[in-house]
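Asker: Per our numbering, the sequence shown runs over residues 918 to 1276.
Positions of the beta carbon are idealized from the N, C-alpha and C atoms, including for glycine.
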Amino acid sequence: MTISRRKLLGTAAVAAAAARVVKAAPATARPVAVSSANGLRAVERAVKGMMGGEDPLDSAIAGVNIVEDDPTDMTVGYGGIPNEEGVVQLDACVMHGPTARAGAVASLEGVKNPTRVAKLVMETTDHILLVGPGARHFATVNGFANENLLTEKARKVWLFWKQNLSDNDKWLEPDPAHYDPDVKAFIEENGWDDLRKPKSGGTIHLSAVNARGDLAGCTSTSGLFFKMPGRVGDSPIIGAGCFTDNDVGSAGSTGRGEANILVSGGHLTVEFMRQGKHPRDACLMTLERIARTTREKRLLNVAGRPNFGIRFYAVNKAGQYGGASMYSHNSTGKRRQFAVADSSGARMEDAAFLFEGRM
Ligand code: ASP
C-alpha cells in the first residue's frame, strides 16, 4: 500500500513549509561556517581559521574539537551520554571538498576527539571507515591515549536511567525526594516526560566554505542516549551525517540517525543544492523526504507525522547557508536554531521548519 504525500503532510503543510522561514538567509561574504545550535564557538573558530588561511577541513575540525572537549555538552565527545552498558562510544566523520576524500570512525572508545582520528583515517589509510576495536587500535598506534570519557554527571544520569528502566529487574527506583541535583538538572534540560523513554540528543555537524569556495564538512557525536553497544548512527556515515562536494556545497545532520541513513540525507541535500536549490530549501526538501518515507507506525504521531526530531544544515559554494528542523521547537519549547559565522562574526539564527510543534 502506498501512502500519499498529501495524506502524510497535508497540502497546506507542504505549501506553508517554504514560507515558514523566519528570516531569509542572504548570501554572505565567504568564508562561512554553519553548524548545529551547540556550535556557536565552533563556527566562530572555523571562520577565524579560514580567514587566517587555514584549510577549511582543519578549521572545521578545530571548531568541532571545542565542543568535543566540553564536558557540559553531553551529546558529543568527552562527557557524552554512554550506551546502555555505561560505555561512551563515539562516531565521527570528516570530508574534504578540494581532494574529494573522507574519513570516519564509529563506536570509538577512549578518544575525546574522534574527528581527529577520522582525519587520520582519511589521510593515512586506504580506507574510509574504521569501527570499534579496529578504530581504537588505529587511534592507539597513532598516539592517542585511552582516556575515561565518562564524566560523573553522565555516569549518574546513566545509572538513574538504568535504575528506572524496569519494574522487573533487581534495580530499585530512586526516591523522587532524593534525586541527585545533577540528574534533576539533566531531566529538566532535556524535557523528559517518561524516564524510560529518554529523547536524545545532540551531535555537532559543521559545514564550511572558505574565501576561495573550497568546502569541508565534519560531524561528531556520542550517539543516541543509551544506544545498544555497537550501534552506529548517521554521523560517521558519509552521505548521511555529512556530505561535501567541492563543486556544489556541504551538508550534514543532527537528530534521529536511523531516519537520516534511510534517505542518505547529507548527500540528498547536496544533490538538491546541485539542482539550484537554496541551502535552506534543500534542507527542508530532505526533511520532507524523511516525513514522506517514514511509514512505521511506531515512528508516527497521531497526525501521521514523524515522532522524532531531525535537523539539517548546509552551505553552498557561493556562501549561502541554511538550517532546517522537522519541528519548530525542541521538547522543552525552545525555538530550534542553528549557528552561523562569516566575516562579520558568529550568531544564532532561527531554523526553517517543516512542522510547527515540539520535538
Ligand atoms: N544523529 C545522532 C545519531 O543518530 C544523534 C543525534 O544527533 O541526536 O547518532
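In chain order, what are the residue ranges of uninterrupted beta strand (DSSP E) at least 3 long that sit wholly in the stretch 944-1019?
Answerer: List check, beta strand (DSSP E) in window: 949-953 and 1007-1013.
Asker: What residues in its chain sit with their C-beta under 7 Å from that of Met1202, if we drop five residues either side in the sequence?
Answerer: Phe1189 and Lys1194
Asker: For Asp990, is the beta carbon positioned less than 6 Å from some heavy atom of ligand 1?
Answerer: Result no, Cβ not under 6 Å from ligand 1.
Asker: Measuring CA to CA, which of Leu974, Val1028, Gln1192 and Gly1049 is closest to Arg1018?
Answerer: Leu974
Asker: Determine, using beta-carbon pairs with one atom in the stretch 1152-1164 and one in the stretch 1222-1233, whether at least three such pairs fall under 8 Å.
Answerer: Contact annotation: the stretch 1152-1164 does not touch the stretch 1222-1233, with fewer than three C-beta pairs closer than 8 Å.
Asker: Please classify Met1276: does DSSP put it in a helix, a strand, or coil?
Answerer: coil
Asker: Measure the Cβ-Cβ separation of Ser1124 and Ser1167 and say whether it is below 7 Å.
Answerer: yes
Asker: Runs of 3 residues minimum, wholly inside the stretch 1028-1064: which ones carry the beta strand (DSSP E) assignment?
Answerer: Fully enclosed beta strand (DSSP E) runs of 3 or longer: 1046-1048.
Asker: Any beta carbon from chain D within less than 7 Å of Pro999's own beta carbon?
Answerer: In the displayed structure, chain D is absent; only one protein chain is listed.
Asker: Around the C-beta of Leu1309, are 16 or more other C-beta atoms found within 10 angstroms, so that it is buried, or is it exposed?
Answerer: Absent from the model: residue 1309. The displayed extent of the chain is 918 to 1276, so no value can be given.
Asker: Say yes only if the C-beta of Leu1007 is nearer than 6 Å to one or more non-hydrogen atoms of ligand 1, and no if none qualify.
Answerer: Closer than 6 Å to some heavy atom of ligand 1: that does not describe the Cβ of Leu1007.
Asker: Is it the case that the CB of Gly1174 approaches a heavy atom of ligand 1 more closely than 6 Å?
Answerer: yes
Asker: Taking only three categories from DSSP, how would you classify Met1243?
Answerer: strand
Asker: CB-CB under 7 Å to Val1100, same chain, minus the five flanking residues each way: which ones, in chain order?
Answerer: Lys1073, Val1074 and Phe1077
Asker: So what does DSSP say about Val1149, is it helix, strand or coil?
Answerer: Note: Val1149 maps to coil in three-state DSSP.
Asker: What span of residues does the alpha helix (DSSP H) with Phe1077 cover, start to end?
Answerer: Glu1069 to Asn1081
Asker: Starting from Ala1128 and walking both ways along the alpha helix (DSSP H), at which residues does that stretch end?
Answerer: Premise fails: Ala1128 is in no alpha helix (DSSP H) and is neither H nor E.
Asker: Using only CA atoms, which one of Arg1215, Phe1103 and Gly1130 lies nearest to Gly1236?
Answerer: Gly1130
Asker: From the DSSP output, which residues share a beta bridge with Ala1122?
Answerer: Residue 1122 is actually His in this sequence, not Ala. Partner(s): Thr1136.
Asker: Within the same chain, show all residues whose beta-carbon is closer than 6 Å to that of Arg1191, passing over the 5 residues directly before and after it, in chain order.
Answerer: Val1165
Asker: Count the other C-beta atoms from every protein chain shown that fall within 10 angstroms of the C-beta of His1013, then say buried if there are 16 or more, exposed otherwise.
Answerer: When all chains shown are included, His1013 counts as buried.
Asker: Between the Cα of Glu1105 and the Cα atoms of Ser1248, Ala946 and Arg1264, which residue gives the shortest distance?
Answerer: Ser1248
Asker: Leaving out the 5 sequence neighbours to the left and right, which residues in its chain are closer than 7 Å to Ala1021 when beta-carbon positions are compared?
Answerer: Ala1009, Cys1010, Ala1035, Val1038, Ile1045, Leu1046, Pro1153 and Ile1155
Asker: DSSP on Pro1091, reduced to helix/strand/coil?
Answerer: coil
Asker: Looking at ligand 1, does it come within less than 6 Å of Gly1134, judged from the CB to the closest heavy atom?
Answerer: no
Asker: Quick one: Cα of Ala1268 to Cα of Tyr1238, how far?
Answerer: In a straight line, the C-alpha of Ala1268 is about 11 Å away from that of Tyr1238.
Asker: Is Asp987 near ligand 1, judged by its Cβ being under 6 Å from some heavy atom?
Answerer: No, ligand 1 has no heavy atom inside 6 Å of this Cβ.
Asker: Of all the options Ser953, Val1005, Pro948 and Met1145, which has the alpha carbon lying nearest to the alpha carbon of Cys1200?
Answerer: Ser953
Asker: Between Val981 and Cys1135, is the Cβ-Cβ spacing less than 7 Å?
Answerer: yes
Asker: Of the residues Lys965, Leu1066, Leu1082 and Phe1272, which one's Cα is nearest the Cα of Ala1128?
Answerer: When C-alpha distances from Ala1128 are compared across Lys965, Leu1066, Leu1082 and Phe1272, the shortest belongs to Lys965.
Asker: Would you mind reading off the limits of the alpha helix (DSSP H) that contains Gly1174?
Answerer: Gly1174 to Val1180
Asker: Ligand 1 and Leu1025: does the residue's C-beta get closer than 6 Å to at least one heavy atom of that ligand?
Answerer: no
Asker: In whole angstroms, what separates the C-alpha of Ala1052 from that of Pro1098?
Answerer: Rounded to whole angstroms, Ala1052 and Pro1098 show a C-alpha spacing of 36 Å.
Asker: Looking at the structure shown, is Phe1103 part of a helix, part of a strand, or coil, going by DSSP?
Answerer: helix
Asker: Is it the case that the CB of Leu1123 approaches a heavy atom of ligand 1 more closely than 6 Å?
Answerer: Leu1123 Cβ: outside cutoff for every heavy atom of ligand 1.
Asker: Looking only at its chain, what residues have a beta carbon closer than 7 Å to the beta carbon of Gly927, apart from the 5 residues adjacent to it on each side?
Answerer: Low confidence applies to Gly927: its pLDDT is 37, below 50, so where it sits in the model is not reliable, and the reading given next is rough at best. Excluding positions up to five away in sequence, the list is empty.
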